[in-house]
Each structure stands twice: as C-alpha cells, then as structure tokens.
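Enquirer:
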C-alpha cells in the first residue's frame, strides 16, 4: 500500500506522522528487552513535548537469533492478533544480552549514546537523537538492514485532498485501489535494502521469484496462477543479505518491495501498532531453520504419499466403472500408482460439503475402498471444503446448533457463490470444530487415507465470529483453523507421521499441516513456469512439501507436449498428482490426441512412456527422497529448494527461477518449450548427467543450452554425493536400505556419506572415501548392497564393503 506521492509528497487523503528521533532509551528490568520513545518531531526543549504524538517501540528476543519489534502510536487502540510464536524457554536465554551507554535512572542520556539487544548473533541497536534509527547487525558487525529517517509512520485516511480539502473518493480506497476498507489508520515501517540485495518469499506467489519492485498484499484470494493474487499469502520474506522478516499480523499486510521506496521494503498494517520479527541466518537455510522453529515445523508425511497420485479430475463424469478403468489402465501400462483421489462429485451436486457419497454412482463405497486398498494397493484421498450447501444434510444441523458463521443480525451468513445458499463452518467455535472433525473421521473410517482441503480463501468480511475475533483478522487466519482441524482428525485416526492433506490455502502455521498444492494453473507452458515460480516462493517461506496439477488444471485437455514436459517436472518434486478440470489426465488420452493429429512419437516418447519412465525414476529415488523429506521437520529445509537457497554465495543463482534443487544433490531444469530447447545454469563444481553420465567441471559455474526429447530432462548429480537408490522399485514404501544401489560421485571431495532412514525410524549409513587403491564404499552395519562410481559398472559388496576403481 503506497502512502506517498513520489519522494517528497504524501498522497491525497492521507495525513502522516513519522518518528523523527530516538528521544528516550531504556533497558528493561529483565535486562532482556529495550524500550524506545520516538516523538514525531525533534524535541529541543520541554515546550516541544506538548501536543506531540509519539511512538512507543519495544524490542525483545523471543528466540535465539530472532529480535521482535512492536511499535505503536496509541496503545489503547484495537489489538490485531498475531500468530502463535514458539518463544524459547525463559530460563535458558544466555544468548540474550543488552548494552547501553549513558546515564540517568535507566535512561540513556546524551545524544549519540546507544542501546542494543543481541540474540544469537543478531543485534538491534538504537542511537539516541535525530534522525530516528533502528539498525540490525549480524554476528560480524555487518549491517543487515535499518529503519532510519522517515521510515516508521502512522497514516490516517481522511478522504480529503491535502491541497484543496475537497473529497477525493470513497473512504478506504484513496490510495491506488488496493487499500481495504478495514481501518482509517495504518502503521508502516521501511527496512532498508542494500545495493543488489534481493528479496524472496511471501508464500506462494506466481510472479518472478525475486520480489524486488513488486507490491504484495497478504490477503488470500482464489485468483488462479496468472495473477498477482495468491492462495497462500505469507507475511514473511528473506533477503540475500542474510536475514528474514516476519510481520506478526493475521490480517491484511501490504508490502512495497523496493517499489514505493526503491531503497527499502515497506510493510503496513491496519491500526495503530506494527509487530515484526527480524530473523538472522546468515544463510537461507539457517533463516528457515529459525523461522520454522518460531512458527512451527512441517510434520513428517507418510512414505506412500511420495508416489504418483491420480484423480477423477473436477467436472468430468465418473463412477466406479470409470475409476476402475483408470486404475486398471495404469497397471496394464506398467505405470505404478500410489494414491487415487475422488474430487468434488463424490458428493451429490448442490450438497457440498455434506460428507455423503452420491449413491447414484457409489452404492457400496466401503467395499469399493476396501478393494482398492487390498487388491490394488492404493491409498485413497477425498475432496472437501468448509462451505456447507443448504441442500446438504449438514446445513440444517449446523444452523440449528450454531456452528455456522453469522451476520451481525444473528442470521446465518449465506451466499450462492459456489454452492447454492451455502454457509461457512465457524472454526472459532470449539463445538463446531469437533463437529467437523467428527465428519472427517467418519469418512476416514470408510477407508479414506488423506483429505484434499480445497478453498478456505473466500472468507467474508462483515460477519461475527463465535470467539469475537476481529472480523478482518479472520480472512487469512480461517484457513489455518480449517486445515488444522482436518489434519488433527487424520492424526487422531492414523497417528503422527501418517497424516497427509492436499491443501490449497494457507497462512503462517499452515506449513505444519502438509501437503499443499499450487492451485488452479493454466494448462500451458506459461502455466507450468508460473507454477514453478510459486513452488520456489512457497518453499522459501517455511513450507517443506509442495505439489501441483501435472498437465495444468484450467482449460480443456493440454497439448500433449505440455503434458509430457509437465510429467517430467511433476515427478521430480516432493508430491506428484495428475489432475485437471474438464478432462481426465490419464496419459493414454494424450497419445490418442497425438494419433488423431497425425503425430508419430519416437520410441520412448509417448505420454504413457514418459509417465512410466519418470514415475519409476521417482520410486527408485525413494531412499534419497524419504531421507530428504525428514529435513523439513528437523530443520525447516524444504525438499525442493531454489538455487539461491542451496547456493546463496553464487550471484548467478540469486535470480534463477526456471530450475531448482531436488534435495541437496539433484539439480532439475524443467523444459518449457515444444522443441525441447532449454537453457540452464550449473554452479561451480563437478556435475554428472543422470541420463548420459556426462561430467561437467567448472570453477565458476557454466550455462548450458540443450535440446531434449520427452524422455529426458536436465537432471544432474552434484559432486560429493553418495546417492542411494533402488532401480525397479514399484511402490514408494519399501525397505530403502535393503539391496540398495549406492552410486558415488566424490570427484572434488575425498569422502562422503548418505544416511538412509526407514519408515520405522531405523537407519543405515553408506560411506565412501578415497584411498590409494580407489574408492572404498561401506555400510555401517555390514549389510549387502551394490555400488558404482557415478553411473559406471555395478559391483556387489562383500560383508558390507567394496573397493571401486
């Protein structure tokens, strides 16, 4: 949200107050907090303190390497709630220290004196006097960012021109149309950007991965993937300068990222107070570690969920016979399937969501699901949303018991948008929450393993919440209450580590309930590229797992070339699902399309071939992938990560958003062209091509231009890797360390190790080290395995050890 008119002036209809000096500095009695009084003009004498607005700034350290700032004008105003934060144990805070220069009764005295608070290498420092200043420093004294000069402000919207005093438009939209009608007062702060400093994050955003120059509103919307809106808006960002920032507000947060002021990130919130945390790294992985420790780490996901998911698609016609044809068709074509998803129309039209199977098409669903489990080895997912159509059985029950969101006059809030006369479950009501969880558990007892929690973004503004929550603070927060309730129902049914969502919307905290998918993407190469950019942004925002609709969702059947390129991309990610809107996404339909158009595919190039190749490739990688998938819960490092997150010291990697790292050791560059032409970058070091065995060594990094058929993709193994796989695997959940193939890529390193963790928690380590006679590879428990150097000759180990040369 922009408040200024260029560099010098304020926009019409806006009155601004800025902090002008750090007037009074205090250390808290606990010696672990700071307080600063900042007047809105410079005080020269006692008379200047009259009729003078001030800001009160409290600085604390909720966790190691995290400093929290709460700055406000009037402290008696509405308190906008923040997110649950995991503060460190107050009894174990040796990493927090304060320092002050000056005299007086707890107050730092003369201009030029300073006060600081340090937490885990991160220091916040304020110098007494004018101009206003708050500086954040890293462990080595390097300045990370700073709020200084006209950077902390309170903006009142009066709807009148500052020049003519005439009305300038409807109250609340006097800036540029993006302001929401939630407050007549906003508080904002600017944190300085250094020259060349890049900004990343903000949740699932579909524009460029580097966010500099963008205006970003944290206000979840169902806006598709080709817009500035997002389904998972997260008021968190990190930069290439070694720190992250969380704005601790559940409601509308507006960011101007080097846009209103090209030298700073500005963020504003409604009301009189702004609350934010600066999180120190200095590496991106360290930032994510501390950030996810603060707001909650992702749960572990079940091993079966990494396999291929197939769905009914959305508005297609399907019944048990259709579904069997899909499942049997995949098996007949030797494409291993792990999960099958029933989308919306498992329930009767106009009845969503009532948790009742449409008996016209699914008469004995429990027997069907049992057969799919036992005979087909499948796991089952079913679609729901929190909107209750009035024709379904749950509406009257929810209305009578007071479980639906109400208007101010006491009536149930309703709309015809999506489902006729639908209401909305009020998850702030504990009884309503338990009621909805009970419906989910009943569905699970029928044989469903996972739930697709769709929607959660279309949350009305002018309603009354059971717990009295400020109405606009619930727009983004609603999705967390919704997904959390469903996730708990699954955990309480199947146990921790065995719960899995397929969720569309999220806010801060949503990362704790995986998995999330990328919303309604276009079935084009542009849609595919938007999707990847969104994945890079969401996994740079604390989310460890992420998926998307292979082939795209919107429109009719995608071009077979788009589908096949997307299959390769989608199966080299944490979770892989074939899903669409009006057309099924089974691969043989795309081969039929090619045949109809006279396209003759070379061997290995059909959609069926491509789906088979990359599904089996992913299953063979499960020892590596499952181990990588444990990291989000341990330290916040995502399965898929941007090149910047993995190589932050390489300037070229800071802007790349058409390639990514799949875990720490595999580089993937999806192909976004019909021709197969692709340009991508290999950072410094030695890389080995997965498909050809080619080695590329570069001291400073190298760009590559290639042309690929549909059966390959730029997929490279990083030097220093010990990659454990199981060629020929048919399912994602098997004994990963048994009869494993250990591929060694030491190149520029002398030794490396790969730990393989089994589903039951046991583990084995495979180690490789260079010796005078070659490379020795061994297992930690003496188990049998085979090994090879790169993609060379495979040699069997004897008594858990083998020498390769």
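Numbering (the working numbering), first residue to last: 24 to 828. Just so you know, even glycine gets a beta-carbon here, dropped at the ideal spot from N, CA and C. As the structure is a computational prediction, the values presented were derived from the model and not from experiment.
Considering Cα atoms alone, identify which of 354, 319, 588, 404 is closest to residue 369.
Expert: 404
Enquirer: Per DSSP, residue 793 forms a beta bridge with which residues?
Expert: Answer by DSSP bridge pairing, in chain order: 798.
Enquirer: If you draw a straight line from the alpha carbon of residue 643 to that of residue 330, how long is it in whole angstroms?
Expert: 11 angstroms
Enquirer: Can you list, in chain order, the residues of its chain with a C-beta nearer than 6 angstroms to that of residue 621? Leave out the 5 residues immediately preceding and following it.
Expert: none
Enquirer: Just curious, the beta strand (DSSP E) that residue 453 is in, first and last residue?
Expert: From DSSP, residue 453 is part of no beta strand (DSSP E) but of the alpha helix (DSSP H) over 453-468.
Enquirer: In the DSSP output, what is residue 45 paired with across the bridge?
Expert: 152
Enquirer: Does the beta-carbon of residue 804 have 16 or more other beta-carbons within 10 angstroms, so that it is buried, or is it exposed?
Expert: exposed
Enquirer: Answer yes or no: do residue 699 and residue 662 have a C-beta to C-beta separation smaller than 9 angstroms?
Expert: no
Enquirer: Name the residue from 248, 207, 316 whose alpha carbon lies nearest to the alpha carbon of residue 100.
Expert: 207
Enquirer: Quick check on the DSSP output: the alpha helix (DSSP H) that includes residue 832 runs from which residue to which?
Expert: Any property of residue 832 remains undetermined from this structure, which presents the chain solely from 24 to 828.
Enquirer: Determine whether the beta carbon atoms of residue 658 and residue 312 lie at a separation below 9 angstroms.
Expert: yes
Enquirer: Closer than 7 angstroms by C-beta to residue 830: which residues in its own chain qualify, once you throw out the five before and the five after it? Chain order, please.
Expert: Since the displayed the chain opens at 24 and closes at 828, residue 830 lies outside it and no answer follows.
Enquirer: Taking only three categories from DSSP, how would you classify residue 16?
Expert: The structure shown does not extend to residue 16, since the chain spans only 24 to 828, so no value can be given for it.
Enquirer: Start and end of the beta strand (DSSP E) containing residue 703?
Expert: Element bounds for residue 703: 700-705.
Enquirer: Can you give me the Cβ contacts of residue 159 inside the same chain, cut-off strictly under 6 angstroms, excluding the 5 residues immediately before and after it?
Expert: 147, 167, 168, 301
Enquirer: For residue 486, I'd like the list of residues in its chain whose CB is within less than 7 angstroms of its CB, leaving aside the five on either flank, ordered along the chain.
Expert: Residues of the same chain with a CB within less than 7 angstroms of the CB of residue 486, apart from the 5 flanking positions on each side, are 428, 429, 430, 436, 494 in chain order.
Enquirer: Report the rounded CA-to-CA distance for residue 656 versus residue 322, giving the unit in angstroms.
Expert: 6 angstroms
Enquirer: Mapping DSSP to helix, strand and coil, what is residue 199?
Expert: Here the model assigns residue 199 a pLDDT of 41, short of 50, so the residue's position is not dependable, and the following value carries that caveat. Coil at residue 199, not helix or strand.
Enquirer: On the criterion of 16 or more Cβ atoms from any shown chain inside 10 Å, does residue 32 qualify as buried, or is it exposed?
Expert: With fewer than 16 Cβ atoms within 10 Å of its Cβ, residue 32 is classed as exposed.
Enquirer: Checking contacts by CB at 9 angstroms: is residue 391 closer than that to chain B?
Expert: The structure shown contains no chain B; it holds only a single protein chain.
Enquirer: How is the alpha helix (DSSP H) around residue 636 delimited, first residue to last?
Expert: First-last of the alpha helix (DSSP H) with residue 636: 630-643.
Enquirer: If you check the beta carbons only, do residue 773 and residue 749 fall under 9 angstroms apart?
Expert: no
Enquirer: Look up residue 676 in the DSSP assignment and say whether it is helix, strand or coil.
Expert: helix
Enquirer: Counting pairs of beta carbons, one from the region 401-415 and one from the region 438-445, are three or more of them closer than 8 angstroms?
Expert: yes
Enquirer: Under the three-state reduction of DSSP, which class applies to residue 336: helix, strand or coil?
Expert: In the structure shown, residue 336 sits in coil (DSSP, three-state: anything other than H, G, I, E or B).
Enquirer: Considering only the alpha carbon of each residue, which of 384, 595, 451, 583 lies closest to residue 619?
Expert: 583
Enquirer: As a quick exercise: from 219, 679, 505, pick the residue whose alpha carbon is nearest that of residue 556.
Expert: 679
Enquirer: My guess is that residue 293 and residue 265 are in contact by the Cβ rule of under 8 angstroms, so how many angstroms apart are they, rounded?
Expert: About 30 angstroms; that fails the 8 angstroms criterion.
Enquirer: Between the Cα of residue 238 and those of 350, 539, 291, spot the shortest distance and give me the residue it belongs to.
Expert: 291
Enquirer: Span of the beta strand (DSSP E) holding residue 313?
Expert: It is not in any beta strand (DSSP E) - residue 313 instead sits in the alpha helix (DSSP H) that spans 307-318.
Enquirer: Looking at the secondary structure, which residues open and close the beta strand (DSSP E) in which residue 262 lies?
Expert: 256-262
Enquirer: Kindly list the residues whose CB is nearer than 6 angstroms to the CB of residue 83, restricted to its own chain and excluding five residues on each side of it in sequence; keep chain order.
Expert: Answer for residue 83: 56, 91, listed in chain order.
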